[in-house]
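In the working numbering, the protein residues as written are 85 to 391.
Take a look at the structure below.
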């Protein structure tokens with residue numbers, strides 16, 4: 085066989101090998117994408133199955149959403165009112181967003197519009213490292229450091245309250261919000277900035293009048309994902325909120341969150357009991373809320389991409 089024929093055969097073999105490799109990678113990516121959907125459906129099916137008997141039996145929707153009495157182990161009459169738990173979760177999430185939104189949007193604007201070179205890269209790495217801190221470490225910071233600081237600064241009897249949990253959750257939600265907000269700002273075409281600068285606009289005027297309005301969908305989606313992150317957090321809330329069933333009158337009141345209730349009580353609950361089913365009903369409620377939040381954020385992200 086001539087050398088030219090041998091080279092042609094070798095070339096065909098390499099092409100066939102690359103085709104098989106490309107096909108294998110495509111299948112692997114497809115399986116990875118489908119597996120995420122399968123896992124989500126599997127989780128929902130599992131929590132629905134475990135809470136099915138309570139949801140369609142003992143469950144009282146009026147009591148669940150209006151009563152403050154969460155007494156699943158009462159000897160006289162078991163009650164499953166989740167209103168105080170829902171308000172506690174909402175109050176902590178609201179406080180977290182008051183802290184996280186200005187911090188995250190400000191950091192995203194500085195990183196995306198002002199920082200350059202190594203400064204930008206260093207800040208992005210620091211933001212990612214902040215996101216890598218485990219939630220139990222954040223909870224430990226709230227329990228040991230923030231607790232004492234709040235007692236000393238505000239002269240309150242206990243520092244495990246809405247303010248403590250809100251600060252911790254705000255710092256936990258800030259990295260993902262900063263990253264998504266920065267991506268939204270970067271998605272604004274440079275020609276928008278150049279046109280505004282050509283008309284004599286200052287840097288801040290370009291950001292406020294052009295960049296932020298053009299990226300508002302992405303910024304709103306960043307906020308929504310931050311809300312979902314804070315709404316579904318467990319360990320940090322359990323350790324920093326005081327874990328007391330209460331309707332907060334101020335940020336210095338202790339509260340109990342939905343996620344913390346599940347984490348604290350599920351391990352000591354008899355499988356198949358009403359209490360067990362009620363905890364999984366709380367899980368179903370949490371799943372639906374976070375799913376709606378994330379779906380809304382995804383729709384907004386897709387909207388800005390289409391534009």
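Note that CB positions come from ideal geometry on N, CA and C, so glycine has one too.
Please read these numbers as outputs of a predicted model, since none were measured by experiment.
For residue 145, the enclosing alpha helix (DSSP H) stretches over residues 145-150. About 20 Å separates the CB atoms of residue 293 and residue 306; that is not less than 8 Å, and the two are not in contact. Residue pairing from DSSP places residue 339 in a beta bridge opposite 326.
Counting C-beta pairs with one atom in each stretch, the region 364-380 and the region 127-137 have three or more that are closer than 8 Å, which means they touch. Contact between the region 322-332 and the region 222-241 is present, with at least three C-beta pairs closer than 8 Å.
Taking all protein chains in view, the Cβ of residue 141 is surrounded by fewer than 16 other Cβ atoms within 10 Å, so the residue is classified as exposed. By the Cβ test, the region 112-121 is not in contact with the region 329-341, since fewer than three Cβ pairs between them sit closer than 8 Å. DSSP places residue 214 in the uninterrupted alpha helix (DSSP H) bounded by 201-215. Comparing alpha carbon positions, the residue from 261, 266, 382 closest to residue 199 is 266. In this chain, the alpha helix (DSSP H) harbouring residue 256 covers 246-270. Of all alpha-carbon atoms in 357, 244, 223, 374, the one lying nearest the alpha-carbon of residue 137 is that of 357. Taking all protein chains shown into account, residue 107 has fewer than 16 neighbouring C-beta atoms within 10 Å of its C-beta and is therefore exposed. One alpha carbon belongs to residue 203, the other to residue 274, and they sit about 21 Å apart. Of 304, 182, 120, the smallest CA-CA separation from residue 248 is found for 182. With respect to the 7 Å criterion, residue 190 and residue 319 are not classified as neighbours on the basis of their beta carbons. Counted as a single uninterrupted DSSP element, the stretch harbouring residue 194 is not any alpha helix (DSSP H), since DSSP gives it neither H nor E. Counting every other CB atom within 10 Å of its CB across the protein chains shown gives residue 161 a total below 16, marking it as exposed.
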